[in-house]
Amino acid sequence: MIQKPKGTYDGYGEFITKYEYIKRIFNDLCNEYNINYIDTPIFESSELYHRGVGETTDIVSKETYDFKDRGDRDMTLRPEGTAGIVRSVIENKLYINLPLKLWYEGPMFRYERPQSGRYRQFRQAGVEVFGDPTPLMDANLISLMVKFYQRIGLKGIKVRINSIGNKESRESYRDALLKHFKPHLKDLCEDCNNRFEKNPLRILDCKVDSNKECMKNVPKIVDYLDESSKKHFEDVLKYLDLMEIEYVIDNNLVRGLDYYTDTVFEVEANIEGFGSQNVIGAGGRYNNLVEYMGGPSVPAVGFAFGIERIINALEAEDIKVIDDKGIDAYILPVSENEMDYSLTLASFLRDNAFKVDMDYTNKTMKAKFKEADRYNAKFIVIIGEEEIKKDILTIKDNLTKEEVKVERDNLLDYLDINI
Ligand code: ATP
Ligand code: MG
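Residue numbers (the working numbering): -13 to 405.
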């Protein structure tokens, strides 16, 4: 038997209920914040990620799904959403109307070692805002994220925040890090030894070395921020305080991607026994990426969260989601003779926005009633010979089991009032 690829999963049942719930809440919130939906391809030319996300990030150096298409072009399944959206903003000249606020949701692909909360195909949702350089927007997006977690019912969340400054601040910080780590290279893992050459900032992001002695007294980036970056960071914190959003400053937070500037943040699920894949969302400001990718100089800020990890967090906190999967009416033809009438009735009710199902096979009455239960039907509309003759329908309330007769002409009113 052929099985699903390693690191993937099939979504059905309870998973889909939770997934749709999360998507609906996020969609509503983005509407409230005046953010529009954008949809970009699941694969892009490989160059986009090598250039956009950066060669020294794990995502690009170790985790991409690369392939050649039949026209011998180098393609990559998208490992994240930002690069594709930036490409789209430049290619379609969406930057003409700034600020531009966009949200997305969809599958991402990373060749990682699969474990709980870490898949090779997973879903992210996120927001990108272009053309607003203010610290207010950074705080605004963090507030959106926190509101989202609150609205889905998660309690144990922790926001960590840091500033990695602008390019100039990072250069001088980089020198300080090189000096600091040089005598400790033997103690650091192989990846960090590579990072030391290419991007020492990323050593702070290492999961293997995070508890080592030389990590405890690393120089802090806040001490290297220039005046404008310092002010930006202070203002973000001020606005968070104003909105009463709790956070902790984490000096070692640098994030995996090369394109960030100034504010970076992560949200952690702070739930006992949740496991090590506990970062459920992350983001930051990336003021140089649009220009770097060939567009005009447009500042940007965004975040993304992992949907599977949020579903895990909902489960860890035992949060039940509202399941609106039940149907309004189940139409039950008593025999084959009533099929035509039932079919047109079902179509009529659907045209009037009721959720309706019926059985198209010739099941026993008992089996049909069972099916209505399985679909969580509020009403069962029974259609027999008599009903058709008189155009008066028998309607059974599936909860109280009471039966009433309703004229077909009054059916819509009856359902409207009782559902
Ligand atoms: P991690 O440090 O856990 O590898 P990351 O820094 O690679 O995360 P981002 O690139 O910032 O993650 O992606 C944003 C979010 O997407 C993460 O916070 C996480 O919730 C989720 N995510 C990332 N990789 C995976 C994966 N392989 N499977 C499931 N969710 C993921
Ligand atoms: Mg990762």
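Beta carbons: idealized from backbone N, C-alpha and C, even for Gly.
Quantities reported herein were computed from a predicted structural model and do not represent experimental measurements.
When C-alpha distances from residue 316 are compared across 342, 331, 230, 330, the shortest belongs to 342. Per the coordinates, the alpha-carbon of residue 238 lies some 17 Å from the alpha-carbon of residue 264. The stretch 35 to 49 makes no contact with the stretch 121 to 137, as fewer than three CB pairs between them are under 8 Å.
Bounds of the beta strand (DSSP E) holding residue 31 are 29 to 31.
Residue 400 and residue 377 have their alpha carbons spaced roughly 15 Å apart.
For the set 5, 283, 65, 365, the Cα lying nearest the Cα of residue 308 is the one of 5.
In this structure, residue 314 and residue 364 form a Cβ contact; the two beta carbons are roughly 5 Å apart against a cut-off of 8 Å. For secondary structure counted as the beta strand (DSSP E) over 3 or more consecutive residues, the stretch 296 to 371 holds these complete runs in sequence order: 315 to 319, 342 to 344, 365 to 369. Distances between the C-beta of residue 265 and the heavy atoms of the ligand ATP include at least one below 7 Å. According to the DSSP secondary-structure assignment, residue 94 is paired through a beta bridge with 108.
Relative to the Cα of residue 143, the nearest Cα in the group 81, 232, 159, 152 belongs to 232. For residue 187, the closest alpha carbon among the candidates 199, 196, 159 is that of 159. Here DSSP, grouped into helix, strand and coil, assigns residue 25 to coil. The alpha carbon of residue 24 has as its nearest neighbour, out of 90, 326, 50, the alpha carbon of 90. With fewer than 16 neighbouring CB atoms inside 10 Å of its own CB, residue 403 falls in the exposed class.
Excluding sequence positions up to five before and after residue 109, its CB lies within less than 6 Å of the CB of 93, 293, all in the same chain and listed in chain order. Rounded to whole angstroms, the separation of the alpha carbons of residue 245 and residue 262 is 25 Å. With a contact defined as Cβ atoms closer than 8 Å, residue 300 and residue 138 qualify at about 7 Å.
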